[in-house]
Amino acid sequence: MFVEEKSDIIDEIDKLIAKYGRNRSALLPVLHGIQKKYRYISDFAQQEIAKKLNIHPVEVYSVITFYSFLNKEPKGRNLVRICKSIVCDMKGKDAIVKALERELGIKMGETTKDKKITLEYLNCLGLCDKAPAMAINDRVYTNLTPEKAVELVNKIK
Amino acid sequence: MEGVKHNRFGPVIFSKYERGSAIERALAMSREDILFELKNSGLKGRGGAGFPTSTKWMLTAAAISDKKYLICNADEGEPGTFKDRVLLIEYPELVFDAMVVGGYTIGATEGIVYLRGEYEYLLDSLNDYLNGMRKDNLLGENILGKKGFNFDIRIFLGEGSYVCGEETALIESLEGHRGEARNRPPYPVNTGFMGKPTCVNNVETLATISHIIVKGSEWYKNFGTSKSKGTKLFSISGDCEKPGVYELEWGMKISDVLKLVGAKDTKAVQIGGASGVCLNSSQFDRTLAYEDVPTGGSIIIFNKKRSMLKVLKNFMEFFVEESCGQCTPCRIGNVKLLEAVKMIEENKLTFGYLKKLKELAETMKIASKCGLGQSSPNPFLSIIENFKEEIFNYAGGGEYAKE
Amino acid sequence: MRKNNNVRAPESQKRLKVKIADNPEDIGAMVHIEINEKKVSVPLGTTILEACRKNQIHIPTLCHHDDLCIAGVCRVCVVEVEGMKTLQAACSFPITNPVKIKTTSPRVRRARKNILDLLLSEHYGECYACVRNNNCELQALAKEYGVDHYNFGHIDKPKFQVDNSSYAVVRDMNKCVLCKRCVRTCIDLQEVGVLEAINRGEATYIGTFFDKPLADVICINCGQCINRCPTGALHANDPRDEIWAAIDDPEKHVIIQTAPSPRAAIGEEFGLEPGHSLTGEMNTALRRIGFDAVFDTNFAADLTVMEEGTELLLRLYKALAKGEPDVAIPQFTSCSPGWVKYLEHFYPDFINHLSSAKSPQQMFGALLKTFYPKIKNIDPANIVTVAVMPCAAKKFECNRPEMTDSGYKDIDYGLTTRELAQMIKEAGIYLPELPKSGFDDPFGDATGAGLIFGATGGVMEAALRTVLELVTGDKIENIFENAEIKPVRGFEGIRYAEIPVTKVGKVPGIISHLIPDFEWLKGITLKVAVAHGTANAKKVLEDIKNGGKFSHCHFIEFMACPGGCLGGGGQPIPTNAEIRRKRAEAIYKEERTLNYRKSHENPKLIRLYNEFLTDGPCGSVSHKLLHTTYTKRGSFIV
Ligand SMILES: Cc1cc2nc3c(=O)[nH]c(=O)nc-3n(C[C@H](O)[C@H](O)[C@H](O)COP(=O)(O)O)c2cc1C
Ligand code: FES
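Chains as they are written, first to last, in my numbering: chain A, 3 to 159; chain B, 5 to 407; chain C, -13 to 624.
Right, dumping it as structure tokens:
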């Protein structure tokens, strides 16, 4: 990692800590903020955060691996997540998954070569009344069909 | 994203309400009177556990501490549940007003909404809404001129973990830890967030409180059955024509609900989300009420084409993934139950082993540390029991359609 | 300065959340409960487990450990509490109202058995191929519940690679039951913070930062996690095979030195109650096993006292008499390699406070490959040095690159008490019944000062006995009754003592070339402190950083392990406060019977200074062989 990159991360952590407080209960919001900016939380960032919040690096790592939305490794620039819980599953999530895998040439859990898109499952999005549903980054899309899903993903390709 | 606001109809929660009116009313009442109204209403927690809300508030109010917290549990992670989403998008005033009322009643100065990470797209609009309340002195210092009553609300974002909906795991998560449930006692009403007395309430519980404060507990008691007062929001999805959120009085027959939402050829109904129970058609005349079929409000409908074994597999995969993994029965028990489903698929499960697994499921229900492991055997036991014939005649195949 | 307000243990899991009433006379202080229909009274806040233990009712436990905060995760301790739908974990349920408890109802028995079966289904390995065979809590539970087959199957392939990157601690997560005792030891008890639970649900395992090998993270090798692991998931890196090979090699002259703590605890490995010293029996056993010479590490401890004590006087002389500004005071002890590494990682700016004197083990090693072969006429290349230590970190210490001042690896192998007991058993010896024998010359039997190094406060006491006698010219017995310096003894986490120097004497010949007189010490109050367990060390260091009371100390003893060496990571398992107390008693009891109790009176030591270390303590020979340097490691993990 370059020095500028490191000092950039340190600045960002300081900013977040100034906002959320210098104690452990700021951990999740700080991690969220770092991930928002860098798409993942590097081992350097984790140790910086641990130092500033006066906890052990392994505790930060432990928390990151507990929560499914926190990444310790970089993912694609766009995160496409498909709900796999019961209602979406019944309403045709498999067809959508197959269509997206075909279209992007990757399997679920993988990232495209150009690092643009990562395909993932997640558990219930809370949109069962409009199943099947998926989320692209922070936005959610409902009542999907395979064509519609592919069309949406093509927009960010 | 959602449809037009306030186009819903319902006797209590979806009835008319004006922003701030519960706060205004409550501030004119004494704390004791508010607690009495709540007690008289018989309101029970809508998050699933069904604990009397007035008792929870009373215990937190009685706890002696320099700081107390009121937490709104908006972690809605139970598959098949989405009522809290609708409330937060369309009726935020009900939720936030009740938080202010709660703060006043129990003596809290800080309210925290634990919003699940999946609902991050609501964050900006909710924050805007809170700013509007601040501007109108519905939040902040000396609220509505009440000297010394200060209360504010912040929103905390979850990071994708179902078990964080369990109230003590939620508090752990707020404190920056892994979402692992705590030992109880002590209960959060004594030792909660940051070790201070903390009251955790579901979104819908709060929304109901706003109406009760404004319209009175006597009015509220008009609805429901003698043992289950009032109404309940139901998140209805699956095989029906009109999925969505419905406000229904307690005491409705399941078959009537099915008719209401246009469900046809219904074979099974999962009540209470993944951790609830699955009923077959012989049980459709049972009623939704604490005294018969209690529920956190999720109803998933399956028609004749669905394979119940696949349904069960989906549920068990969910629990294996979402168990926090700290206690033995839940961490390994769920894996064993999921393995059993796979054994059925491969025609390898003996009835002898099934008997052992049923005993294991009982153990999980009574020996797990938190509600997740205590309820995750529910779908296993009920689906295996209620759909025996289908499941044990089942041979291979991986589609829901079972021609 | 950041204040440490982030205690890891969650609020509800801190010890004694509900304060136990201290006066049973107070109204409401006692709660009247029923256990298995027997009426008993317990103080408010007692856990069900404690209440049952007090009333001789056995409750099985696994994740519970007396030294650690509550976890309540394994669930084998569940009991029935009347009126509650679910079973409650006895270890974590504080009694606050008159409950009725059933500890062996059918529901309870069935639940415990099922939970045990679940644990066994995921526990890879066979008991007969395990270091903890016959001393495993999971195995004991299986026996207690009469497990004769696996109800829910049994994992037949390992899931994890064994991590034996560390010289001290081996981690085999295939045997882990996720009780998290190691996590609580590492984070709460020791505040080192290397281990935590990674992932969630069924994928959970105990791991390090970014799953790096233990050797690459900031582990201090204290081995306290090993002592508290209920199974064989954590154990020490075992050099027995190499040692046997050396013994069997006729070319090799294999020497063993034995530290003070193993002899006070090794009996436990042979079924004795804690608190029996087996010094003489162990010597006999070591000879029968085939070691060519058996030496007492306490001799080197006496040497350490001389070197470290002289260093202290020199530092004080420079700072107080000559007013040199850059002298680091307080001086810190350096015998505990876990502590040394802790300081190097977490407070690297403090390493100049560490005494440059090596630990007794390493001093001895340097002598055994220089002085000893000379007088014995042996080729040092053929000497193999083994050290029996109560310690896991000693295995790391002897592998530090600095520890080769003799021209060879000064100590070849660090052997724990547990591993030695295993060797004795392999040799077909039942230790408690052996005749006693003494230590070999030229080092012979050591003094009591060396012996008490094993207990927390012992190094301080030994050093004070010598330093005070050297300085005042008075007998220590005239200052402290029976030469027992009580203020530095005990198990309080941090202890502090002030000793006024009211008179000074002539500088003894052995150091008179270093310090001309002691006048500058007259009227000074010597301030000393003792801390054991790195969590306590951290408190002292933070206080020093903040310029608090401990920054005015002259000398501080630090031990990485709770209880000092007798609670070390290489000692017999199990451990708890009671066991550690009994081991300390055994040490102090033996000490009272010894002829010499002050290091500087050790006749063999005086001979060593006359014949070999001829320019005295802190002289050039000793500087080459007996002193060392430290590394600023820092805590960043690469
Ligand atoms: C695994 C698990 C998940 C839960 N998820 C939620 C949830 O998403 N929302 C919620 O309000 N309560 C949830 N609960 C229930 C809470 O623990 C708690 O009972 C509730 O927030 C209390 O609020 P109430 O009294 O208003 O119902 C969950 C419980 C468990 C065991
Ligand atoms: S000993 Fe009580 S839960 Fe483990």
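Glycine included, every Cβ here is placed at the ideal spot set by N, Cα and C.
Fair warning: this is a prediction, and the values are worked out from it, not measured in the lab.
Pull up the distance between the alpha-carbon of residue i and that of residue j, whole angstroms please.
i	j	result
A:L18	B:N338	38 Å
C:D398	B:G164	51 Å
C:C162	C:H135	20 Å
A:T144	C:E66	47 Å
A:Y69	A:L33	11 Å
C:K72	B:M198	Strictly speaking, residue 72 of chain C in this sequence is Thr, with Lys absent from that position. Approximately 27 Å, taken between the alpha carbons.
B:R158	B:I116	5 Å
B:N194	B:N205	15 Å
B:F396	B:I348	8 Å
C:M(-13)	C:I530	Summary for C:M(-13): the model assigns pLDDT 30, below 50, so the residue's position carries little reliability; its value from the coordinates is reported in the next sentence. Cα to Cα, the separation comes out at about 12 Å.
A:L106	A:A97	14 Å
A:E149	B:A211	39 Å
B:N187	C:A57	8 Å
C:A128	C:L102	7 Å
C:I184	C:I192	6 Å
B:R35	B:S177	30 Å
Tell me the residue span of the beta strand (DSSP E) that contains residue i.
i	result
C:S221	Before going further, note that residue 221 of chain C is His rather than Ser in the sequence given. Per DSSP, C:H221 belongs to the beta strand (DSSP E) from L220 to A222.
C:Y114	Run containing C:Y114: none; DSSP gives neither H nor E here.
B:T235	T235 to G242
C:H239	H239 to T244
C:P486	I480 to P486
B:E389	Element bounds for B:E389: not the beta strand (DSSP E) but the alpha helix (DSSP H), P381 to N390.
B:F306	S302 to N307
Going by C-alpha to C-alpha distance, which of the options sits closest to residue i?
i	options	result
B:G266	B:P298, B:I304, B:Q330 and B:L237	B:I304
A:E66	B:G162, B:K257, B:T57 and B:I388	Note on residue identity: the sequence assigns Ile, not Glu, to residue 66 of chain A. Minimum Cα distance to A:I66 is reached at B:G162.
C:V627	A:F46, A:R141, A:L127 and A:K115	A question about residue 627 of chain C goes unanswered here, because the residues of chain C that appear run from -13 up to 624.
C:E484	C:F541, C:F332 and C:N522	C:F541
C:H44	C:P10, C:E11 and C:E130	C:E130
B:S259	B:V249, B:I275 and B:G248	B:I275
C:R95	B:K340, B:E363 and B:I387	B:E363
C:Q348	C:A432, C:F138 and C:Q243	C:Q243
B:D79	B:Y166, B:K346, B:G24 and B:G300	B:Y166
C:A287	C:D312, C:G276 and C:G351	C:G351
C:N562	C:P260, C:L300, C:Q147 and C:A515	C:P260
With a threshold of 7 Å, establish whether the CB of residue i neighbours any heavy atom of ligand 2.
i	result
B:T172	no
B:T229	no
B:L313	no
C:L48	yes
C:S78	yes
C:R61	yes
C:A75	yes
C:G58	yes
Considering just the uninterrupted stretch of the alpha helix (DSSP H) at residue i, what are its terminal residues?
i	result
C:D234	R226 to D234
B:L134	L127 to K139
A:Y143	From DSSP, A:Y143 is part of no alpha helix (DSSP H) but of the beta strand (DSSP E) over R141 to Y143.
B:N58	In the sequence as presented, Asn is not what sits at residue 58 of chain B; that position holds Ser. Looking at the DSSP string, the run of the alpha helix (DSSP H) that includes B:S58 is T57 to A66.
Are there any heavy atoms of ligand 1 lying less than 7 Å away from the beta-carbon of residue i, as far as the coordinates show?
i	result
B:N206	yes
B:V167	yes
B:L376	yes
B:N77	yes
Worksheet item: Going along the chain, which unbroken runs of the beta strand (DSSP E) with 3 or more residues stay wholly within the segment 347 to 408 of chain C?
Response: Listed in chain order, they are 369 to 375 and 399 to 402.
Query - Completely contained alpha helix (DSSP H) runs for the segment 11 to 69 of chain C, where each covers 4 or more residues - result: Segments of the alpha helix (DSSP H) lying fully in the segment 11 to 69 of chain C: 34 to 40.
- Contained beta strand (DSSP E) runs [length at least 3] in the segment 14 to 94 of chain A, N- to C-terminal order: 80 to 85, all fully within the segment 14 to 94 of chain A.
Uninterrupted beta strand (DSSP E) stretches inside the segment 120 to 206 of chain B (no shorter than 3 residues)
For the segment 120 to 206 of chain B, whole beta strand (DSSP E) runs of length 3 or above, ordered along the chain, are 156 to 161 and 202 to 206.
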